[in-house]
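J.: In this note's numbering, the protein residues as written are -18 to 238.
Structure in structure tokens, see below.
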Amino acid sequence: MTTPLAGDPVPRFGDRRRGRVGLLGGSFNPAHAGHRHVAEMARRRLRLDQVWLLVSPGNPLKPQRGMAKLALRVASARRVADGRRVVASAIEARLGTRFTIDTLRLLQRRFPRVDFVWIAGADIFVQLPRWRGWREIADRVPFAVLPRPGYNHRALAGRAAAVLRHARQPARVGAILARCKPPAWVFLTAPQHSDSASAIRARRSGAARASLPDSARAAVPGAARAPLSGALRAPPCRTTHTPLPGAIRAALQGAEP
């Protein structure tokens, strides 16, 4: 029987293809329209040949409770991909890697002619210093950071931005970012998408709870869920290096509620 892990579009042992490929990693628990929005926005703005949705076999920074099986998450990611320019892959499970740094080392070794770019939302950029070998990751691939509601100030005033402030490039460099020697990163001005996997899971949980009898519903904890916020516009992307967090906050004043 064919499983969702069969027919992976990324060959395990690599090949000699040339091109620019964006890597968008995540649990995809589940994949949603926000993932597709980020992938398509990055593909166009960075002039990438493909974006690979790297479905993690198990994110070390996320709890396993509530995590769907890998096959289900891969199938979910394939539904939001188009199978040609945006493809979903379980290559990390096939390589036996769980940490991004290990995945990158193998991908760069097995696809030596590909120029990779790591695509991250502002929420991920905030977490970056918690990743194993994060500075080596920044030395291996350029980063494209896209805005996420509620995280942009923290991302641009956070530790990763401070440590890598010398490597920040103007947003207009995005078109050639894949060819830039790392460390290099840009913050792309882009419309923001309000979907999140946690909100989708909460909605599903709420719908399931609503279908229960009143007596059973009262026994289910966590009934109240915050509604999704509306889509927001991204803050203006600065084109100069700004080492002081105060200056960053002043430049972005009013960009988020």
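Just so it is clear, CB atoms sit at the ideal spot from N, CA and C, and this is done for glycine as well.
Remember, it's a predicted structure, so these values are computed and weren't measured experimentally.
Taking DSSP as the reference, what is the three-state secondary structure of residue 166?
T.: Strand, per DSSP.
J.: Let me check you understand the geometry: is the CB of residue 24 closer than 7 Å to at least one non-hydrogen atom of the ligand MG?
T.: The ligand MG is not part of the structure shown, which contains no ligands of any sort.
J.: If I follow the unbroken beta strand (DSSP E) through residue 102, where does it start and stop?
T.: Looking at the DSSP string, the run of the beta strand (DSSP E) that includes residue 102 is 95 to 102.
J.: State the CB to CB distance for the pair residue 156 and residue 28, rounded to an integer number of angstroms; the pair is presumed to be in contact (CB under 8 Å).
T.: Yes, residue 156 and residue 28 are in contact; Cβ-Cβ is about 5 Å, under 8 Å.
J.: Sorted by chain position, which residues of the same chain lie with C-beta nearer than 6 Å to residue 114's C-beta, five sequence neighbours on each side aside?
T.: Cβ within range, chain order: 82.
J.: Assign residue 149 to one of three DSSP states: helix, strand, or coil.
T.: Residue 149 falls in the strand class under three-state DSSP.
J.: Could you please give the first and the last residue of the uninterrupted alpha helix (DSSP H) stretch that includes residue 61?
T.: Where residue 61 is concerned, the enclosing alpha helix (DSSP H) stretches over 51 to 61.
J.: State the Cα-Cα distance for the pair residue 4 and residue 55, rounded to the nearest angstrom.
T.: So the alpha carbons of these two residues sit roughly 15 Å apart.
J.: Between which residues of its own chain and residue 67 is the CB-CB distance below 6 Å, once the five residues before and five after are set aside?
T.: 20, 32, listed in sequence order.
J.: Output yes or no for whether 8 Å exceeds the beta carbon distance between residue 57 and residue 12.
T.: Cβ atoms of residue 57 and residue 12: closer than 8 Å.
J.: Please say whether residue 173 and residue 110 have beta carbons closer to each other than 8 Å?
T.: In this structure, residue 173 does not lie closer than 8 Å to residue 110 by Cβ.
J.: With which residues is residue 36 paired in a DSSP beta bridge?
T.: DSSP output for residue 36 lists 7 as bridge partner(s).
J.: For residue 149, is the classification buried or exposed, using 16 other Cβ atoms within 10 angstroms of its Cβ as the cut-off for buried?
T.: So residue 149 ends up on the buried side.
J.: Could you pull the start and end residues of the beta strand (DSSP E) that residue 68 belongs to?
T.: 67 to 70 is the extent of the beta strand (DSSP E) around residue 68.
J.: Using a 10 Å radius around the Cβ and a threshold of 16 neighbouring Cβ atoms, would you call residue 92 buried or exposed?
T.: By the 10 Å Cβ count, residue 92 comes out buried.
J.: If you draw a straight line from the alpha carbon of residue -11 to that of residue 121, how long is it in whole angstroms?
T.: Approximately 25 Å between the Cα atoms of the pair.
J.: Would you tell me roughly how many angstroms separate the C-alpha atoms of residue 2 and residue 47, rounded to the nearest one?
T.: If I take the Cα positions, the gap works out to 31 Å.
J.: Alpha carbon to alpha carbon, what distance is there between residue 59 and residue 65?
T.: Their backbone Cα atoms lie some 11 Å apart in a straight line.
J.: Could you tell me the boundaries of the beta strand (DSSP E) in which residue 144 lies?
T.: No beta strand (DSSP E) holds residue 144; the alpha helix (DSSP H) holding it covers 140 to 144.
J.: Given that a residue counts as buried once 16 or more other Cβ atoms are within 10 Å of its Cβ, and exposed if not, what is residue 9?
T.: It counts as buried.
J.: Residue 137 to residue 108, Cα distance in whole Å?
T.: Between residue 137 and residue 108, the C-alpha separation is close to 12 Å.
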